[in-house]
Amino acid sequence: MKTIRMEEMSWPDVRAAMAAGYTTAVVAVGSTEQHGPHLPTMTDTRIGDATAHLVALKLGNALQARTIPVGCSEHHLAFGATVSLKRETLKLIVRDYVDSLVRDGFRRIIFLPSHGGNFGPLAEAIEDARKAHPGVAITGYTDLLGITGFLQGAAAEFGISAEACGAHAGDDETSLMLLLEPGLVVHERFAPGYLGPLGEKEVQTIFERGMPALTENGVLGDPRQASAEKGEVYLERLASFLVEQVG
14 MKTIRMEEMS
24 WPDVRAAMAA
34 GYTTAVVAVG
44 STEQHGPHLP
54 TMTDTRIGDA
64 TAHLVALKLG
74 NALQARTIPV
84 GCSEHHLAFG
94 ATVSLKRETL
104 KLIVRDYVDS
114 LVRDGFRRII
124 FLPSHGGNFG
134 PLAEAIEDAR
144 KAHPGVAITG
154 YTDLLGITGF
164 LQGAAAEFGI
174 SAEACGAHAG
184 DDETSLMLLL
194 EPGLVVHERF
204 APGYLGPLGE
214 KEVQTIFERG
224 MPALTENGVL
234 GDPRQASAEK
244 GEVYLERLAS
254 FLVEQVG
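Note that my numbering has the sequence shown beginning at 14, numbered continuously upward.
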């Protein structure tokens with residue numbers, strides 16, 4: 014096949030792929046939201062799309078469904094340049110995805126959130142979808158602190174602290190965007206943001222009070238040592254980790 018991206022395929026191509034055993038669909042769930050002064054608002058969606066693509070390739074029997082480009086980003090609205098869905102809206106979109114893909118004949122559907130605000134609603138949506146389609150394997154990686162910790166562990170191999178890696182427009186996301194969309198990264202605006210702990214307490218503070226409660230520039234971490242070379246490693250490690258978790 015020339016591509017495993019369903020949006021790049023005709024319907025006969027999709028049917029032929031499924032007949033050949035490609036009965037798993039992988040869906041990234043991104044966002045359109047501020048990512049500090051140096052990254053574009055499509056950062057989560059672009060990273061999620063690239064990650065889902067690599068996960069699908071590694072699985073070997075999967076097609077990549079169209080990435081969902083918006084999510085639950087209310088905690089970023091104070092900065093502007095953000096489009097946010099209500100929790101129930103995202104859950105309904107996910108359910109419509111599932112219903113459509115099941116109707117197509119997919120026997121396994123994997124959702125991969127690439128934005129923190131999507132993890133909780135997605136977990137609920139997956140549970141609801143499983144009840145509606147008990148004969149289909151519907152899963153996803155919905156442990157926000159787990160994936161944050163994994164990426165911080167990967168950053169440590171480069172000598173980057175957990176605080177600098179951060180969780181939003183820090184070393185990891187900036188490195189990934191330098192790999193994927195270097196022309197959209199504004200180097201001269203690199204600046205550290207919040208450099209404290211990022212545990213359950215801090216995440217709850219962000220969700221309840223918004224990002225400005227922790228960061229003035231919309232950054233959690235420090236992008237100043239980011240590089241495309243590190244981005245390549247982050248992407249490979251992240252995709253392999255997700256395959257281990259949901260594959």
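Yeah, the Cβ is synthetic: ideal placement off N, Cα and C, and Gly gets one too. Model, not experiment: these values are computed from the prediction.
Rounded distance between the beta-carbons of residue j and residue i, thought under 8 angstroms
i, j, result
"F132", "L157", "4 angstroms"
"V111", "A69", "Rounded, the Cβ-Cβ distance is 17 angstroms, inconsistent with contact."
"C178", "G234", "6 angstroms"
Spatial distance of residue i from residue j (CA atoms)
i, j, result
"G84", "A167", "26 angstroms"
"H51", "G196", "11 angstroms"
"L209", "N230", "Per the sequence shown, residue 209 should be read as Gly rather than Leu. Roughly 14 angstroms between the two C-alpha positions."
"R116", "V149", "11 angstroms"
"G262", "R18", "The structure shown has nothing for residue 262, since the chain only spans 14 to 260."
"D184", "I173", "8 angstroms"
"P136", "A175", "At residue 136 the sequence reads Ala, which differs from the Pro that was named. Between A136 and A175, the C-alpha separation is close to 26 angstroms."
Same chain only: Cβ atoms within 6 angstroms of residue i, ignoring 5 sequence neighbours per side
i, result
"I60", "S127, L189"
"R237", "F203"
"P134", "C85, R100, L103, K104"
"V246", "none"
Nonlocal neighbours in the same chain, by C-beta distance under 7 angstroms from residue i, ignoring five residues either side
i, result
"L114", "A38, A78, I122"
"A4", "Past the boundaries of the shown model lies residue 4; the chain is included only from 14 to 260, so the question cannot be answered."
Extent of the continuous beta strand (DSSP E) to which residue i belongs
i, result
"T228", "T228 -> no beta strand (DSSP E), and no H or E assigned at all."
"I123", "121-126"
"Q258", "First-last for Q258: 241-259, but that is the alpha helix (DSSP H), not the beta strand (DSSP E)."
"L76", "75-77"
"T152", "150-153"
Terminal residues of the alpha helix (DSSP H) in which residue i lies
i, result
"T64", "56-72"
"Q165", "157-169"
Own chain, CB closer than 8 angstroms to residue i, minus 5 neighbours either side, in chain order
i, result
"A91", "G223, M224, P225"
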